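Engineer: So that we are looking at the same thing, I have put the structure below in structure tokens.
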Amino acid sequence: MKKPKKEEIMQRWYKRRFILPNAVTVGNMFCGFLTIVYATSGRFDKACIAIALGILLDGFDGKVARKLNATSKFGMEFDSLSDVITFGVAPAVLMYNWCFKTSADEFGVLVNFIYLICTASRLARFNVTEPDLKRFCGLPSPAAAAGVASFVFLDPISRDSIWLTGIGAVVMLSLAYLMVCRIPYISIKVFQMKSMPLRGRLAIGLVIALVWWKPQWSLFLLSAGYALSGPVALFLSSKRKMGISPQE
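Numbers in this note's numbering are just positions in the sequence shown, counted from 1, shifted up by 243.
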């Protein structure tokens, strides 16, 4: 029996190159499913960590696909379905169980369903528009999910408080609006470590140190800062166009 040649083996592996990026997408989807399981059983800290892992995996599947020349229509659609689960369904279920279930059940269902609709709409719009490597149109769904997870992670214990329910509703509806609006957001992809000046690298090192020292507040402030960066930049830009300085 003849052994397969090296070229034949390489060709077989090349045909199977689509498996790896899709496996990363499956990992992302599993993180979303895990978030739902943890949230419905009251393990909110683990649910937040699962969302964070899903965000990391979502950033890798596209890179792996491009590196292996394994981009495909199937991969894009599979990734979008995975994102709906991890960044739409999972954060909505997490927030509902954390601060709505005991104090405002029906209201919480409505608020979190609106968030889910906006996430799905944001992802659908992303799929049908030309990609811009420098800017996003609206808050990216992973950033919105990070906002939800970091907010819950501040105090991952369910509280029966009408005040917390109100704040949770404001957070979810604000993030939902920012996802479907047309406010531009800077893409993190524009920041390349190789071309970044020393100040930028030091700033990243400082951020990592702060996250290590105070992970809960640091992650929340980072998520909130990015979510607010779009509206703030738009406001300052409109001021400049009208000839009014921000100090006035």
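No residue lacks a Cβ here, since even glycine has one placed at the ideal position from N, Cα and C. Computed from a prediction, not measured in an experiment: that's the story for all the values here.
Just the Cα atoms here: how many angstroms apart are Ile279 and Lys289?
Structural biologist: For Ile279 and Lys289, the distance between alpha carbons rounds to 10 Å.
Engineer: For Pro383, count neighbouring C-beta atoms within 10 Å of its own C-beta (all shown protein chains included) and say buried if the count is 16 or more, exposed if not.
Structural biologist: Buried is the call here.
Engineer: Taking Cβ positions, are Leu366 and Gly409 nearer each other than 9 Å?
Structural biologist: No, these two residues do not count as a Cβ contact at 9 Å.
Engineer: Specify whether the segment 373 to 392 and the segment 456 to 473 touch according to this definition: at least 3 beta carbon pairs, one from each stretch, less than 8 Å apart.
Structural biologist: Because the criterion of three Cβ pairs below 8 Å is met, the segment 373 to 392 and the segment 456 to 473 touch.
Engineer: I'd like the span of the alpha helix (DSSP H) that includes Phe303, first residue to last.
Structural biologist: Looking at the DSSP string, the run of the alpha helix (DSSP H) that includes Phe303 is Phe287 to Lys310.
Engineer: Starting from the N-terminal side, write out each stretch of the alpha helix (DSSP H) that is 4 residues or longer and does not extend beyond the segment 386 to 411.
Structural biologist: Runs of the alpha helix (DSSP H) inside the segment 386 to 411: none found.
Engineer: Can the beta-carbon of Leu407 be found closer than 9 Å to that of Cys361?
Structural biologist: It is not a contact, given that the beta carbons lie outside the stated cut-off.
Engineer: Specify the secondary structure class of Phe321 as computed by DSSP and reduced to three states.
Structural biologist: The answer is helix: DSSP assigns Phe321 an H, G or I state.
Engineer: Is DSSP giving Pro374 helix, strand or coil here?
Structural biologist: Note: Pro374 maps to coil in three-state DSSP.
Engineer: Measuring CB atoms only, is the segment 265 to 283 touching the segment 297 to 309, in the sense that at least three cross pairs come out at less than 8 Å?
Structural biologist: Contact holds: three or more Cβ-Cβ distances are below 8 Å.
Engineer: Can you list the alpha helix (DSSP H) stretches of 4 or more residues lying completely in the segment 438 to 477, in chain order?
Structural biologist: Counting only runs of 4 or more, we get 441 to 456.
Engineer: To the nearest angstrom, how far is the alpha carbon of Val413 from that of Met422?
Structural biologist: So the alpha carbons of these two residues sit roughly 14 Å apart.
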